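Just so you know, the sequences run in chain order A and B. Read in UniProt numbering, the first sequence has 181 at position 181, and its numbers run on one by one without any break. Read in UniProt numbering, the second sequence has 429 at position 429, and its numbers run on one by one without any break. C-beta atoms are modelled at their ideal positions from N, C-alpha and C, and glycine is treated no differently. The structure presented is a predicted model; accordingly, all values stated were derived computationally and were not measured. What follows is a short report on a single structure.
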Amino acid sequence: MSTRLKVTDLVKTYGDNEVLKGINLEVQNNEVVVIIGPSGSGKSTLLRTLNKLEAPTSGSIVIDGYDIADPKTDINKVRENIGMVFQHFNLFNNMTVGENIMLAPTELKKSDKTAAEKQAKQLLATVGLEEKFDARVQSLSGGQEQRVAIARALAMNPDIMLFDEPTSALDPEMVGDVLEVMKTLAKQGMTMVVVTHEMGFAKEVADRVIFVDDGNIQEQGTPEEIFDHPKHPRLQDFLNKVLNV
Amino acid sequence: MKRKMWAVLTTLAVFFACLVTFNLSATPAKAETTYTIGTDVTFPPFEFANKQNKYVGIDMDLIRAIAKNQRFKVKIKPVGFNAAVQSVQSGQLDGVIAGMSITKEREATFDFSKPYFTSGVVMAVAKNSKITKLSQLKGKKVAVKTGTSGADYANSIKNKYGFKVVTFDDSNNMYEDVMTGNSAACFEDSPVMRYGIKQGTKLKIVTKPAENGSYGFAVEKGHNQKLLKSFNKGLANLKANGQYKKITEKYLGKDASKDTDSTSDNSFFGLIKQNKSALWSGFKETLWLTVVSIIFATIFGVLVGLMGVFPNKFLNGLSTTLIYIFRGLPLLVLALFIYTGIPSLTGQKIPAFVAGIITLMFNEGAYIAAFVKGGINAVDTGQMEAARSLGLPFGRAMRKVILPQGIRIMVPSFINQFIITLKDTSILSIIGILELTQTGKIIIARNLQGFKVWTIIAIIYLVVITLLTWLSNWVQKRSKL
Ligand SMILES: Nc1ncnc2c1ncn2[C@@H]1O[C@H](COP(=O)(O)OP(=O)(O)O)[C@@H](O)[C@H]1O
Ligand SMILES: [Mg+2]
C-alpha cells in the first residue's frame, strides 16, 4: 500500500472562525475513508481543501507527490486526478447529460470527440443511465442527476474520488441507486474519501471511519471500532443521535 | 533696332506682370486658413438654419462676408451658445459669433472684436396680455434664455420688481412659455424679439430697449489674434462699402421680407414634407450613434463586468470603481466634460461625434458592466466549483459553463439597455451633434412650430424603439435563449 494523500497540520480559518484546527490524515491507495460528524463540524471544508476549492490557511496537503498548498503547483493538473461529487450534483445546466460528461475530456485534450462520446456512453452504462445521453439535465430526477455527476467525475479517470454528502439531497427511494454505484466503485479499488450520514454504507464499505467534531479528528478506526466500541463521549453522543432517529 | 528692343521689353513686362499677378492670386489662396467658428443653434435673426438647412442670419452673413473680404475660410459649428462659448475657452473652436454681448465679465476670458451690432433688451408679453410695465410683474414668472443679456437684465431687476426668473435653453421654448401663459413675460434683445414676432410668434413688445449693449465676435483671450485683427479689418471694410448695411437691412430693415415659412404649409404632413431631408439625416445620425455606441458600450461593459468577477482583488476594485463613477455621473455632465473638459486639459480637440460615442460607451457601458456582473453572479456557485474540480482553468470554466448561463439571464437587460441608449443619444444634442433631437431644435428655430415638430420627433423615436423591440424579441425567440 502506498500513500495517496497526506494532510499535515491543516488549519483553515474564515475570518476569526477557525473551522479546521490542525488536521492530520493519511489516505492509502485503494482505501475507502468515510468521514462522519455533526453538521458544521468542518467535514465539507476538509474535503474541499483537498482539491483546493478552499485554500488552506496553513499546513500541507500532498497528493500523489504534489503539494497543493504550494502556489507553484499547477492545481488544474492535480484536479484532473481528483474527481469530486457534490451534495447538490452541480450538473451544468446549459448542457445535455452527454455534454456534461464529455466537457472535461474534450476541453482538456484528453481525448477527441468520438473517443469522449464512446467513453461517456460507457460511463453512463455503468451508472445505469445509458439511455439518457441526449437528455436535458432538467429532465432528470435527483438520483439520476447524482449518478450522472459521478459519471462526469469519472470521465478524467481520476485516482481519487471525493464525495460530499452525495445522498443528502435525495428522496429516500433514490438513495439506494447512488450508494450502489459508489459500492461498485469501491469494489473496483477506487481510492475514496466520503462524507456521509449513511451509516449502513460506512459499515459495509469503509476501510476506515473518521469522526470529525469541532474542527478536529476526535476518533478514527475500523467501522467496528467506531460503531460498536466508540470511546469518545462526543462520538457516542453523535451515534446515539443519528442511529436512533 | 529700337522697335525690336521695345517689343522684347514689352513681352518681358507682360511676362513679369503675369507672373506677379499669378503669384498674388496664388499665394493668398494657398495660405488661406480655415477657422472653426461656433454659433448658437437658434438665435434669429443672427443665426438660424433656413429651409435648405444652411445657416443664415446677420452673424452668419457677416462672418462669411468678412472671411471673403479678408481671404480666410470659415467652418460654422452651430453647437449652441453655451457649448460654443465653452469650446472657445477650451480651444475646441477658434472663435464665437452668436449675438454675444460684450461685458466686463466676459472680457476677462475672451478678446472681443470691435462691436458689430448695438442692441438693447425689451420686454415682450402675450398678445392678449394687459402687462405693459415692469411693475406689473410682481409675483409673476418671467422667461429668459440662458446666457443672454435679457437674462442678465431680468436677474438684475427681479428683486426690485418681485418676479421669478425661469431659464430656457433656446428661444422657441422661452416664447412658448409666454404664449401658453406659464410665464407673464420674456426679456430678449430687441432685434431678436422683433424678428421672432415677424415670423409669427404671438407676442408683442411693450417696453423701449434698455441696457443698451454691443455684440462682439470673441476669441480665447490671448489666442487667435490674427483672426481677431482680420475680423476688425473686414468689418471696417464692409461698413465702408455698404455691405454691412445691406446685410442688417436684409434681416431687420423696414422691408425685411418675411421668411417664406410663415406662409407655407404648417400641417403635420406639410412639416414632414418640408423637413424630410433634415429629419432623415437626423434620424440616420441617431441610428448611427446608437449602433456604434452600443458596440463600444458592450465591449467596455463586458470587459468591466468580467473584471468584476475575475478572482483578483485589484480588478474587482477597478471594476466597481468604474461602474460607480460612470453610472454616478449624469450623462449630460459626462458629455460636456468629455467634449469641452478633456480638450482644455490635454489641448487635443475631440470631434463631437467621437466625444458622443465615448460618452455613451462609458455611461451605457457602466450599466452593462453592472448587469453582466450581476448575471454572472446569479449563476449558482456550484457550477463554477464543479467545472474547476474537473481541472478546467478559470477562463475555460467561465466561457463554457458560466457565461452561457449568465448571458441567458442578461438578455432582457441588454435589450432594455439598447433602447435606453437610443433614447440617450438625444442628450448628445448638447454638444451639437446633428441627431434627431438637435435636428428638431433647428427646425423649430426656423418655423417656431414647437408642438408639431416635437410630436413628429417623438413619433419617430417611438417607431424606432418599437421596431427595435420587435427585432430583439424575434432574435430572442429564434436563438431559444
Ligand atoms: N465560505 C465560508 N465562509 C465562511 N464560513 C464558512 C464558509 N464555509 C464554511 N464555513 C463555516 O465553517 C464551518 C464548517 O462548515 P462545513 O465544513 O460546511 O461543515 P459540515 O460540512 O461539517 O457541515 C461552519 O461554521 C460554516 O459556517
Ligand atoms: Mg457539509
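Delimiting residues of the alpha helix (DSSP H) encompassing residue i
i: residue 250/A; result: Residue 250/A lies beyond the stretch modelled for chain A, which goes from 1 to 245, so this question has no answer here.
i: Ala153/A; result: Gly142 to Leu154
i: Asp152/B; result: Ser149 to Tyr161
i: Ser472/B; result: Gly450 to Arg478
i: Tyr251/B; result: Gln243 to Leu252
i: Ala115/A; result: Lys113 to Thr126
i: Lys114/B; result: No alpha helix (DSSP H) contains Lys114/B, which DSSP labels as neither H nor E.
First through last residue of the beta strand (DSSP E) which encompasses residue i
i: Gln70/B; result: Note, Gln70/B: premise wrong, no beta strand (DSSP E); alpha helix (DSSP H) at Ile58 to Gln70.
i: Ile342/B; result: That residue, Ile342/B, is in no beta strand (DSSP E); its alpha helix (DSSP H) goes Ile342 to Thr346.
i: Asn212/B; result: Ala210 to Tyr215
i: Ile82/A; result: Ile82 to Val85
i: Asp164/A; result: Ile160 to Asp164
Per-residue DSSP class, three states only, for residue i
i: Val181/A; result: helix
i: Thr298/B; result: helix
i: Lys216/A; result: Reading off the sequence shown, one finds Asn at residue 216/A, where the question assumed Lys. It is a strand residue.
i: Gln28/A; result: strand
i: Ala184/B; result: coil
i: Asp9/A; result: strand
i: Ile226/A; result: helix
i: Phe133/A; result: coil
i: Asn276/B; result: Checking the sequence shown, residue 276/B turns out to be Lys, not Asn. In the structure shown, Lys276/B sits in a helix (DSSP, three-state: H, G or I).
i: Glu435/B; result: coil
i: Met123/B; result: strand
i: Pro233/A; result: helix
i: Asn17/A; result: strand
i: Asn128/B; result: coil
i: Pro78/B; result: strand
i: Thr103/B; result: coil
i: Met192/A; result: strand
i: Lys241/A; result: helix
i: Thr3/A; result: strand
i: Ala98/B; result: coil
Residue i versus residue j - alpha carbon distance
i: Asn128/B; j: Ala185/B; result: 12 Å
i: Pro45/B; j: Gln52/B; result: 16 Å
i: Gly66/A; j: Thr73/A; result: Note that residue 66/A is Tyr in the sequence shown here, rather than Gly. Going by the C-alpha atoms only, they are around 7 Å apart.
i: Ile247/B; j: Met60/B; result: 10 Å
i: Asn240/A; j: Phe310/B; result: 46 Å
i: Leu403/B; j: Leu20/A; result: 34 Å
i: residue 268/A; j: Asp159/A; result: This structure cannot speak to residue 268/A, because chain A is shown only from 1 to 245.
i: Asn212/B; j: Val122/B; result: 10 Å
i: Gly40/A; j: Ala369/B; result: 36 Å
i: Glu198/A; j: Lys183/A; result: 12 Å
i: Glu249/B; j: Arg64/B; result: 16 Å
i: Tyr367/B; j: Thr340/B; result: 24 Å
i: Thr21/B; j: Arg71/B; result: Bear in mind that a pLDDT of 44 at Thr21/B, under 50, signals an unreliable position, so the model cannot answer this.
i: Glu204/A; j: Val175/A; result: 15 Å
i: Val88/B; j: Arg478/B; result: 51 Å
i: Ile150/A; j: Glu99/A; result: 14 Å
i: Gly432/B; j: Lys284/B; result: 15 Å
i: Phe300/B; j: Val85/A; result: 37 Å
i: Val97/A; j: Asn157/A; result: 18 Å
i: Leu179/A; j: Asn24/A; result: 27 Å
i: Phe451/B; j: Val41/B; result: 18 Å
i: Gly42/A; j: Glu54/A; result: 12 Å
i: Lys114/B; j: Phe217/B; result: 8 Å
i: Asp255/B; j: Glu47/B; result: Here the model assigns Asp255/B a pLDDT of 44, short of 50, so the residue's position is not dependable and the matter cannot be decided.
i: Phe89/A; j: Glu364/B; result: 38 Å
i: Phe231/B; j: Val74/B; result: 12 Å
i: Val209/A; j: Lys12/A; result: 22 Å
i: Ser168/A; j: Leu162/A; result: 15 Å
Chain A residues whose Cβ lies nearer than 8 Å to that of residue i
i: Arg396/B; result: Glu107
Proximal chain B residues relative to residue i, where beta-carbon distance stays under 7 Å
i: Met84/A; result: Ser389
i: Asn30/A; result: Near Asn30/A there are no residues of chain B at all, since even the closest Cβ is about 22 Å away, more than 7 Å.
Cross-chain neighbours of residue i in chain B, by beta carbon under 9 Å
i: Arg79/A; result: Arg388, Ser389, Leu390, Gly391 and Leu392
i: Asn51/A; result: Arg388 and Ser389
i: Ala104/A; result: Ala387, Leu390, Gly391 and Leu392
Residue i: contacting residues in chain A (beta-carbon distance under 9 Å)
i: Gln405/B; result: Phe92, Asn93 and Asn94
Chain-ordered neighbours of residue i on chain A, where CB pairs are closer than 7 Å
i: Lys400/B; result: Leu103 and Glu107
i: Gly382/B; result: Phe86, His88 and Asn90
Contacts that residue i makes with chain B (C-beta to C-beta distance below 8 Å)
i: Met156/A; result: Leu390 and Gly391
Exercise for the section: Mind listing, in chain order, the continuous alpha helix (DSSP H) runs of no fewer than 4 residues lying wholly within the region 360 to 430 of chain B? Expected result: 381 to 389, 394 to 397 and 403 to 424
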